[in-house]
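Protein chains in written order, with our numbering: chain S, 17 to 315; chain W, 17 to 315.
Just so it is clear, CB atoms sit at the ideal spot from N, CA and C, and this is done for glycine as well.
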């Protein structure tokens, strides 16, 4: 997915959300808005939006002199942990814990304070468990998983990682060796090693740092160590829109030699239009094949 | 009204509308979006948004090498002229033609292709004639008018000027000498002398050119001749949000020594929040006094 002209207003919307979280000083807020015009002007139209916003958020943090998402990340780690016991019970008691946990992992993707200013977690969980996904390759996901012992799990946001933890626990319970990937440097409300520790995910699987502050997974910006890990991975679970933007290809050429499944909600007009789905659509997409609406629905 | 941080995304939204009207060349569209970052960066936060967008639209025209609104202006002049006979009948047959024509003039303000990409003219006319205005100083408007023989009428958009023509005809019928003010240079879909001629307004009143391409009425950017005309005016009708942004003051200090009434729809979140009205609210505001919601409603 390439950056679209309609992403330009959104560059400022994202900046506004970040500066309002980061400071009450209106003059500084205005200065940051003006400051990011340099990064917007430098937008590479051949790259995904996540590429531009990576540089945008670097500038925002630099001008604010801090990470504006620290508090909201901790807050939503706590909120999601409060929901964990009930969600864990649902997974354990369900007929197909892998199905239930994968749906909850998609539901958790609603926690995104880079895009939203308010969210409805309970309603999203209900929607994930009781309505069809817009694209649903769950059967292929389950089948492909039987052929792999190792899972590389690309995390997305703080808070959301508690929902991912449910799926990771199911995977480790199936005997899979899971490595969960966090950002090396805070960016947006993306999960870092600190967030993984905050919710106890580091006790459930190995945490891998991608050595980068990129939004999504921009391989040329991540560390050589992470590039080696990613290259060797046979089975990848990719969470969220940033990872989808930067790794999905319907032709299978972006992630050669691996099975990759994308669990996400389509949160913006541009991506939704691109995929032909409604804004807010929940998706379980298989990499390397067209992202097509699926009529399949589980009773 | 000063530029607000939430205006920044809208600067790009307005640019997008203009470039899409002006060219099908996506590389040029992207270049213009990047080009206007210079003007956005130079935003004077102490001035109204119309100030920034004046420079923005100068850059857009310059980079496109043309006025992107030429066709849409002519199209809506034609569409509005098609509605004129029926609307004229409504005014003539109404109990209070000044009331009906002023309401229709507010309805006509829906024609704005700098902000909207589609509009519902019939629905807006119905709303203007059958529901209360959010701020309604009609009685003061009618009363103040009795004390003046001359009216300076600041026009807003092409197409809309056909609706203004109905009100101007009522005013001239009341014996008032009306001068209607157009932009000196095409900007956005604002009416120019060419538009006034296209709809026949030049046969109904004197047309005055403000010598400028400013959005709204920015006196320091308009010609010395227009400044003289404006300074001498005792009674002013100001149409649209741009003129409101640049001329309205609740303290009466922005237009000293004159009665000024603003007929407009509040088309953006920022202004609506500022005034405490709903987006899309219709307003007949008196300059020099607070813009307050009015419960007054005519049976």
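Check your understanding: Any beta-carbon of chain S closer than 8 Å to the one on residue 25 of chain W?
Key -> yes
Point to revise | For residue 173 of chain W, the nearest candidate out of W/130, W/149 and W/184 (CA to CA) | key: W/130
Exercise for review: For chain C, find out if any of its Cβ atoms is closer than 8 Å to the Cβ of residue 131 of chain S; answer yes or no.
Suggested key: Here chain C cannot be found, since the structure's protein chains are S and W.
Point to revise | chain S contact for residue 50 of chain W (CB, 8 Å cutoff) | key: yes
Review point. Mind checking if residue 61 of chain S is an interface residue toward chain W, Cβ cutoff 8 Å exclusive?
Key: yes
Check your understanding: Between residue 312 of chain W and residue 24 of chain W, what straight-line distance do the alpha-carbon atoms span, to the nearest angstrom?
Key -> Its pLDDT being 46, under 50, residue 312 of chain W is placed unreliably in this model, and the value from its coordinates should be taken loosely. The alpha-carbon atoms of residue 312 of chain W and residue 24 of chain W are separated by roughly 36 Å.
Check your understanding: Can you tell me where the alpha helix (DSSP H) with residue 241 of chain W in it begins and where it stops?
Key -> 240 to 248
Check your understanding: Would residue 56 of chain W count as contacting chain S if we go by Cβ distances under 8 Å?
Key -> yes
Check your understanding: Would you report the Cα separation of residue 254 of chain W and residue 266 of chain W, rounded to the nearest angstrom?
Key -> 15 Å
Practice item. Compare the C-beta of residue 22 of chain W against all C-beta atoms of chain S and say whether one is closer than 8 Å. Key: yes
Review point. Who are the near neighbours of residue 232 of chain W in its chain, counting only those whose CB is closer than 6 Å to its CB and skipping five residues on each side?
Key: 66, 258, 259, 261 and 262
Exercise for review: Say whether the stretch 171 to 186 of chain W touches the stretch 206 to 213 of chain W, bearing in mind that this needs 3 or more beta-carbon pairs closer than 8 Å, one atom from each stretch.
Suggested key: yes
Review point. Along the chain, which unbroken stretches of the alpha helix (DSSP H) at least 4 residues long are found entirely within the stretch 241 to 308 of chain S?
Key: 256 to 263 and 285 to 291
Check your understanding: Do the stretch 219 to 226 of chain S and the stretch 139 to 149 of chain S touch if we need at least three Cβ pairs shorter than 8 Å?
Key -> no
Practice item. To the nearest angstrom, report how far apart residue 161 of chain W and residue 251 of chain W are at their CA atoms. Key: 7 Å
Review point. Mind checking whether residue 277 of chain S and residue 303 of chain S have CB atoms under 8 Å apart?
Key: yes
**Study point:** Contact set between residue 29 of chain S and chain W, taken where Cβ atoms lie within less than 8 Å
**Key:** 25
**Study point:** Spatially closest choice to residue 15 of chain S from W/21, W/76 and W/246, by CA coordinates
**Key:** The shown model of chain S, from 17 to 315, leaves out residue 15 of chain S, and the question about it has no answer.
**Study point:** Sub-8 Å separation of residue 103 of chain W and residue 114 of chain W beta-carbons
**Key:** no
Check your understanding: From S/234, S/215 and S/124, pick the residue whose C-alpha is nearest to that of residue 279 of chain S; which is it?
Key -> S/124
Exercise for review: Please state if the CB of residue 74 of chain W and the CB of residue 83 of chain W are separated by a distance shorter than 8 Å.
Suggested key: no
Check your understanding: Beta-carbon of residue 109 of chain S versus every beta-carbon of chain W: anything under 8 Å?
Key -> no
Exercise for review: Note down, in chain order, all residues in the stretch 61 to 92 of chain S with a beta-carbon under 9 Å from any beta-carbon belonging to chain W.
Suggested key: 61
Exercise for review: Decide if residue 153 of chain S is buried, meaning its Cβ has at least 16 other Cβ atoms within 10 Å, or exposed.
Suggested key: buried
Check your understanding: How is residue 75 of chain S classed by DSSP in three states: helix, strand or coil?
Key -> helix
Check your understanding: Name the chain W residues that come within less than 8 Å of residue 53 of chain S, Cβ to Cβ?
Key -> 53, 54, 56 and 57
Exercise for review: Within the same chain, show all residues whose beta-carbon is closer than 7 Å to that of residue 5 of chain S, passing over the 5 residues directly before and after it, in chain order.
Suggested key: Given that chain S is displayed from residue 17 to residue 315, the structure contains no residue 5 of chain S and the question cannot be resolved.
Practice item. Can you grab the Cα-Cα spacing for the pair residue 176 of chain S / residue 94 of chain S, in whole Å? Key: 11 Å
Review point. What are the residues of the stretch 37 to 48 of chain W that lie near chain S, defined by any Cβ-Cβ distance shorter than 7 Å?
Key: 45 and 46
Exercise for review: For the stretch 273 to 306 of chain W, enumerate the residues whose C-beta is nearer than 9 Å to any C-beta of chain S, in chain order.
Suggested key: none
Practice item. Would you mind reading off the limits of the alpha helix (DSSP H) that contains residue 141 of chain W? Key: 137 to 146
Review point. What separation, rounded to the nearest whole angstrom, lies between the Cα atoms of residue 183 of chain S and residue 117 of chain S?
Key: 5 Å
Review point. How about residue 316 of chain S and residue 281 of chain S: do their beta carbons lie closer than 8 Å?
Key: It is not possible to answer for residue 316 of chain S, since the shown part of chain S is limited to 17 through 315.
Review point. What distance in whole Å lies between the Cβ atoms of residue 211 of chain S and residue 197 of chain S, which are believed to be in contact at a cut-off of 8 Å?
Key: That pair is no contact at about 12 Å.
Practice item. State the Cα-Cα distance for the pair residue 36 of chain W and residue 45 of chain W, rounded to the nearest angstrom. Key: 7 Å
Practice item. Let me know if residue 275 of chain W comes out buried or exposed under the rule of 16 or more other beta-carbons within 10 Å of its beta-carbon. Key: buried
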